[in-house]
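Protein chains in written order, with my numbering: chain C, 3 to 351; chain X, 3 to 351; chain U, 3 to 351; chain G, 3 to 351.
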């Protein structure tokens, strides 16, 4: 009881101190300085050569969820009706510190087993844990980024110069703890029809080569081959075969990738699809179509179109089983201001 | 190009060094010492007073997913058929460093904006980013535990003394980087029928009080009131009203909670449900039914029964709208060896 | 042995992958893009109103250690000769997650006890650890910033707009892993004469009030009172009494502080001192002398003068014992690119 | 101002919540359970085969600083008198994420540049920073362990089974946030005479081989060769030449090391030295003298003798310049409960 009181007092003091400090900081200026909103959408500073303002977006000047607006209740309802067998396929890879990562990114986890020692010295310890039920627990300490493994990117992850989707700038949105807009807490669950475009099968190869540009014709051909047509609100997943290198030859896996070209993605956007993804570590061909414009495909998707993307999907099982149409479900951690979430979507059919 | 070569050489050397080191460590003993499997299921050391072995589990001695075995394809198929309107309700809370947490747990995120500076000095910089498309990106550094916010626990999170579900011990399963069994990578997507037991409405209160024990009779009464019956494979979610304190009075929120009692949970297990959760920071009443046995309900669920649990659900909207039966979908990050995942399940109807 | 080989193979592949990736990235542009040096010292973009270029510094255009250049071998030799009794006083505070911090900064540590479990299942385990000697070990996982507790700042910690000391800009120096210049690895051990200016004693108060500006006259009077004169290379430490609030009233402690005014610091620089510090969380009065120019004193010190500073010193014991002249010793972690080091200097006399 | 008030209110509530929670936890048992001290020194459970109690230590049953007790004021005073030229040699290596590390340990740092964006949108922004002085700052987020690079170990880092120095056990000392005893906050500054034993020069080799056992005779011969004799309180540093591999051949560096044998260390302890270290990643030969007892030398030093050790020293310059006697100074971060500190000691002569 004594400790409890001490702890509470200490913490209240600490907190008051922080409050006083903020007051002091505020007092240095004429008005409260923190939390003021900046809005750079009214100017066009810093556009790249040849670039014109791409905002406001198709979904409105204040929109934060871009293409996910296409998933209406009717789209979701119809997608759920696709489930005939109740089979579930996991589309996410296991993430640990050894999985291939974009250079510079990391992910470390360490178990915290200290409660197994702390609980032993409680006066009400049961001998091997807390209480007569000897309860103990284990947690973990994790450090790294969410931009690893199978991931759902926020459309705020990429910029053109200092500009985001809908014309916001870094000055407007960057806060130490997270993005003021486009954080993962704004991204709703994604539950819609999924379509697997098995371009590898259509091209009759195990794996498309690095830098291969998936064209509009490839998409048309694959859809025809699969007997499907795209609809507004679809989740369009590409099986390129490139994901087969994951774990088997990480060197090769990270050295490049095939992917939809810029015109293909523009066409997908015109079809009003909700989200697209692939079995590759980025999205779009690497090396890209234009050697002077690196990663132009995801940049266009996120910044210009507000089209959501998924990376490092495990599409192998769907491809092997010939499942091209399914219910796509994706729920994710709602961490405030994050640029991505580590995910594992599921396909149901 | 020169740098690339240097980097590669440096890293290969580092890696070889590690390999040689492991070889050296191995050479100190008669045989390869690392990675040897320990299996303590054959003994019964350290059981609490009055405790008898609870293993092997109902799902087999090598089972890792406990009650989630109840979700058969038929269960999933039938659940998907419940979606009549395509409406989606998010059941997860937003997580940041200020959300209420169990004492000692933390969660910090800092945006990494350094690419906005690094890309400017590339020889192929477009002036405000890399390339003529001036691409830039932002990631985040996150540090903390997954045992925060709306979370799906691994059944490996809790122990009785040194024992886990199915009789494994810490000696068997604790590795620095994660649990050797029961890590989140073993937990499949959870897609099944959801049932909301709005006990608060049944008892005609806004919020059940801290320490309130939800009894078998409360569950029967609520089900009758809602016109439902439980089935094998269900996700059974309790609306106690306690979650209304989140964000409004975190002090009160963390000071205790109502929850299903031990007999209720045992009965749920007997109904072969797949998972259960509530709008509270733990699961089960706090203070508990037996003052000498803290957190006995989740301990029994995870360690003895292998019954999965969810914490900090946002059940308010379902309760308000009177939605008691729905498709429950939960996909989560497959991080290897983790004791939990931060999640945001969805309800569809 | 088998595992060792597997591990080595896996890691080599991972590394090769990274190398190939860098090659691929490089191939996207005409020349190797990474690691190119940027140098903005030749322009004067972005200076604040009324500001003129302050570079090159007194110590040269390529200098990285500013005022620490003043510590010559002769200065160090003479300072060592001051030690008559061999008494050592620790000038650093204990750091943990509860110590007062600048808003938004954090520091968390968790013990890693997992080896106590891992070592038990080695085939050559001694029963309670590895080998017949039963060796076990414990480490820690730490997350946070070095800008906490008793700290030695790098002069790269603060900027004026985008400019650093000697005219470098963020574009020149910001790399994801650390500053390309001015990181803590460039800061030498600091071993010189220490002078404690006990201004509180001189002013006959226990503690100078928040916002109190220590003037040139205060310094003169205190030096006279202590019978000392400053010399080139000195470490000049201020005892304001404000540090007495640490731990006792953290609220008050963080709400402001007394400190040397701008003219005082300019005069200290003119005396060619090597470093200065105080028993306060920043350095210089808060609120400051000019309400429109927050933290102008440390900004001027680091950015314009290259004068090193120390924060949160524990000067109480020296003040109490009337020790005003001593050997000052400070060695610190050489972490590459860091903006500060958590330290605990010592005074010897 | 409004925000400030909101922040303060929110945080007070959060804190009160934590207090209430602790109260609730306490209320579950008959008495306050947290913080109770455990003391296992009175029993001898778990000793290894052939092991007898090694406690109380030479420095008393409650001692925490072991051999550092040998550094008396007179020792320090005499050591300071050794400085004739004022020359300073840095004995620490630069630490970053690529430096060689014991398997499983990591160290990541990311610059936090977000204030450069946040300060721009204050109402009192100067255009490129906060205020008319346009102040900005940069910090870092660091994650990893202190058991890396040039390090000073706490004697609490290693155990024999569950036992520490002076007979304490993990049950007594392990707390989630740090060791209850032997944390780095208990370790005083180390300022004493340093002696470099250049065994490589004595043996007339550039580098002693891995596994080489430095014997008592080697030490005698080297001392005679250098014209020195050990004294109580000395810091005894070994130059084996092994450190020359650091950065040049990390693979070889980590694959083993030469070092003082068990009898040598026991003899050093008998001479009442204060601390010892080497230019190797651990201390003592690897592979060791007894293949069944890994890392027996540091285990004996820390657990049985309370003799402090230093790793990864850069002794090259002292060896090259033939400096064998000097003032050794080491100040370090006082982080509570840590098992080590990343350091960079200095030699003065």
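Note that the Cβ used here is the ideal one computed from N, Cα and C, for glycine as well.
Among C:179, C:345, C:220, whose alpha-carbon lies nearest the alpha-carbon of residue 242 (chain C)?
Locating residue 242 (chain C) in the first chain gives position 240, where the first residue counts as 1. That would be C:220, whose Cα lies nearest to the Cα of residue 242 (chain C).
Can you tell me the Cβ-Cβ gap for residue 326 (chain U) and residue 198 (chain U), rounded? I've got them flagged as a contact below 8 Å.
Position 324 of the third chain, counted from the first residue, corresponds to residue 326 (chain U). Position 196 of the third chain, counted from the first residue, corresponds to residue 198 (chain U). Right, their Cβ atoms sit about 5 Å apart.
Within 10 Å of its beta-carbon, does residue 226 (chain G) have 16 or more other beta-carbons around it, so buried, or fewer, so exposed?
Counted from its first residue, the fourth chain places residue 226 (chain G) at position 224. By the 10 Å Cβ count, residue 226 (chain G) comes out exposed.
Does the distance from the C-beta atom of residue 342 (chain U) to that of residue 154 (chain U) stay below 9 Å?
Position 340 of the third chain, counted from the start, is the residue given in the question as residue 342 (chain U). Position 152 of the third chain, counted from the start, is the residue given in the question as residue 154 (chain U). Contact: yes.
When burial is assigned at 16 or more other CB atoms within 10 Å of the CB, is residue 238 (chain U) buried or exposed?
Numbered from 1 along the third chain, position 236 holds the residue referred to as residue 238 (chain U). Label assigned to residue 238 (chain U): buried.
Report the three-state DSSP secondary structure of residue 162 (chain U) (helix, strand or coil).
In the third chain, the residue the question calls residue 162 (chain U) occupies position 160. Strand at residue 162 (chain U).
Locate the alpha helix (DSSP H) running through residue 77 (chain C), then write down its first and last residues.
Stepping through the first chain from its first residue, residue 77 (chain C) is reached at position 75. Its alpha helix (DSSP H) spans residues 75-82.
Kindly provide the ranges of any beta strand (DSSP E) runs that are 3 or more residues long and lie completely inside the stretch 179-227 of chain G, ordered along the chain.
Correct list: 192-200.
Which runs of the alpha helix (DSSP H) fall wholly inside the stretch 280-335 of chain C and span at least 4 residues, in chain order?
Here the runs fully enclosed are 298-301, 318-323.
Does the contact criterion of 3 or more C-beta pairs under 8 Å hold for the stretch 198-216 of chain C versus the stretch 157-174 of chain C?
No: fewer than three Cβ pairs fall under 8 Å.
I'd like to know whether the C-beta of residue 179 (chain C) is nearer than 9 Å to at least one C-beta of chain U.
As a working mapping, residue 179 (chain C) is identified with position 177 in the first chain. Contact of residue 179 (chain C) with chain U is assigned, a C-beta pair being separated by under 9 Å.
So is residue 322 (chain X) buried or exposed if we call it buried at 16+ other beta carbons inside 10 Å?
Residue mapping note: residue 322 (chain X) aligns to position 320 of the second chain, counting from 1. Exposed is the call here.
Proximity to residue 248 (chain U) [Cα-Cα], best of U:317, U:122, U:49:
Counting from 1 along the third chain, the entry for residue 248 (chain U) is found at position 246. Ranking the options by Cα distance to residue 248 (chain U), first place goes to U:317.
Just to confirm, are residue 93 (chain X) and residue 335 (chain X) a CB contact at a threshold of 9 Å?
For the purposes of this step, residue 93 (chain X) is identified with residue 91 of the second chain, where counting begins at 1. For the purposes of this step, residue 335 (chain X) is identified with residue 333 of the second chain, where counting begins at 1. At least 9 Å separates the beta-carbon of residue 93 (chain X) from that of residue 335 (chain X).
Selected residue, minimal CA-CA separation from residue 90 (chain X), among X:121, X:331, X:260
The count along the second chain starts at 1 and reaches residue 90 (chain X) at position 88. Measuring C-alpha to C-alpha distances from residue 90 (chain X) to each of X:121, X:331, X:260 identifies X:331 as the nearest.
Contact the stretch 50-70 of chain U vs the stretch 271-291 of chain U: 3+ CB pairs below 8 Å
Between the stretch 50-70 of chain U and the stretch 271-291 of chain U, the count of C-beta pairs closer than 8 Å reaches three or more; the two stretches touch.
Report yes or no: is there a C-beta of chain X within less than 9 Å of the C-beta of residue 114 (chain G)?
As a first step, residue 114 (chain G) is located in the fourth chain; it is residue number 112 there, counting from the start. Interface residue, yes.
Bridge partners - residue 380 (chain C), DSSP secondary structure assignment:
Chain C is shown only over 3 to 351; residue 380 (chain C) falls outside these bounds and no answer can be derived.
Can you pull the chain G neighbours of residue 40 (chain C), defined as C-beta to C-beta under 8 Å?
By one-based count along the first chain, residue 40 (chain C) stands at place 38. 122, 123, listed in chain order.
Going by the CB atoms, is the gap between residue 310 (chain U) and residue 157 (chain U) shorter than 9 Å?
Sequence index remark: in the third chain, residue 157 (chain U) carries index 155 (1-based). Sequence index remark: in the third chain, residue 310 (chain U) carries index 308 (1-based). Residue 310 (chain U) sits close to residue 157 (chain U), with the two beta carbons spaced by under 9 Å.
Compare the beta carbon distance of residue 185 (chain C) and residue 214 (chain C) with 9 Å and say whether it is the shorter of the two.
For the purposes of this step, residue 185 (chain C) is taken as residue 183 along the first chain, with counting starting at 1. For the purposes of this step, residue 214 (chain C) is taken as residue 212 along the first chain, with counting starting at 1. 9 Å or more divides the Cβ of residue 185 (chain C) from the Cβ of residue 214 (chain C).
Would you call residue 313 (chain X) buried or exposed, if buried means 16 or more other Cβ atoms sit within 10 Å of its Cβ?
Taking the second chain and counting its residues from 1, one reaches residue 313 (chain X) at position 311. Its Cβ being crowded by 16 or more others within 10 Å, residue 313 (chain X) is buried.
Applying a beta-carbon distance threshold of less than 7 Å, which residues of chain C neighbour residue 233 (chain G)?
Position 231 of the fourth chain holds residue 233 (chain G). Within 7 Å Cβ-Cβ: nothing; residue 233 (chain G) doesn't reach chain C, min ~40 Å.
Please list the residues of the stretch 138-154 of chain X that have a C-beta atom closer than 7 Å to any C-beta atom in chain G, keeping them in chain order.
Within the stretch 138-154 of chain X, 143, 145 place their CB atoms closer than 7 Å to a CB of chain G, listed in sequence order.
If you reduce the DSSP assignment to three classes, tell me which class residue 127 (chain U) lands in.
Against the third chain, residue 127 (chain U) aligns to sequence position 125. If DSSP states are grouped into helix, strand and coil, residue 127 (chain U) belongs with the strands.
Leaving out five residues before and five after residue 264 (chain C) in sequence, what residues of the same chain have Cβ atoms less than 7 Å from its Cβ?
The residue you call residue 264 (chain C) lines up with position 262 of the first chain. Same-chain partners within the cutoff: 291, 298, 299, 302.
Compute the distance between the beta-carbons of residue 307 (chain X) and residue 43 (chain X), then report whether it is under 9 Å.
Numbered from its first residue, the second chain carries residue 307 (chain X) at position 305. Numbered from its first residue, the second chain carries residue 43 (chain X) at position 41. Their beta carbons are not under 9 Å apart, which means residue 307 (chain X) does not touch residue 43 (chain X) by this criterion.
Short CB-CB distance (under 9 Å) between residue 29 (chain G) and chain X:
Start at 1 with the first residue of the fourth chain, and residue 29 (chain G) comes out as number 27. Any reading at residue 29 (chain G) needs caution, since the residue's pLDDT is 45, under 50, leaving its predicted position unreliable; the model's value is listed next. For residue 29 (chain G), the answer is yes, since a Cβ of chain X falls inside 9 Å of its Cβ.
Looking only at C-alpha atoms, which of X:339, X:258, X:51, X:259 sits nearest to residue 136 (chain C)?
Position 134 of the first chain, counted from the first residue, corresponds to residue 136 (chain C). Sorting X:339, X:258, X:51, X:259 by C-alpha distance to the C-alpha of residue 136 (chain C) places X:51 at the top.
What separation, rounded to the nearest whole angstrom, lies between the Cα atoms of residue 289 (chain C) and residue 257 (chain C)?
Against the first chain, residue 289 (chain C) aligns to sequence position 287. Against the first chain, residue 257 (chain C) aligns to sequence position 255. Each residue's Cα considered, the two are about 9 Å apart.
Leaving aside the five residues before and after residue 217 (chain C) along the sequence, list all residues of the same chain whose C-beta is less than 8 Å from its C-beta, in chain order.
In the first chain, counting from the first residue as 1, residue 217 (chain C) sits at position 215. Only 263, 265, 266 meet the Cβ criterion.
Spell out the partners DSSP gives residue 105 (chain C) in its beta bridges.
Stepping through the first chain from its first residue, residue 105 (chain C) is reached at position 103. Beta-bridge pairing links residue 105 (chain C) to no other residue.
Going by C-alpha distance, which of G:132, G:55, G:347 is nearest residue 293 (chain U)?
The residue labelled residue 293 (chain U) in the question sits at position 291 within the third chain. Looking at the Cα atoms, G:132 is the closest of the given residues.
Straight-line gap, residue 46 (chain C) to residue 172 (chain C) (C-alpha atoms, nearest Å)
Residue mapping note: residue 46 (chain C) aligns to position 44 of the first chain, counting from 1. Residue mapping note: residue 172 (chain C) aligns to position 170 of the first chain, counting from 1. Cα-Cα distance, rounded: 13 Å.
On the DSSP bridge list, what partners appear for residue 177 (chain G)?
For the purposes of this step, residue 177 (chain G) is identified with residue 175 of the fourth chain, where counting begins at 1. Answer by DSSP bridge pairing, in chain order: G:180.
Output needed in chain order: residues of the stretch 326-351 of chain C with a Cβ under 9 Å from some Cβ in chain X.
Considering only beta carbons, the part of the stretch 326-351 of chain C lying closer than 9 Å to chain X consists of 329, 331, 332, 333, 334, 335, 336, 337, 338, 339, 340, 341, 342, 343, 344, 345, 346, 347, 348, 350, in chain order.
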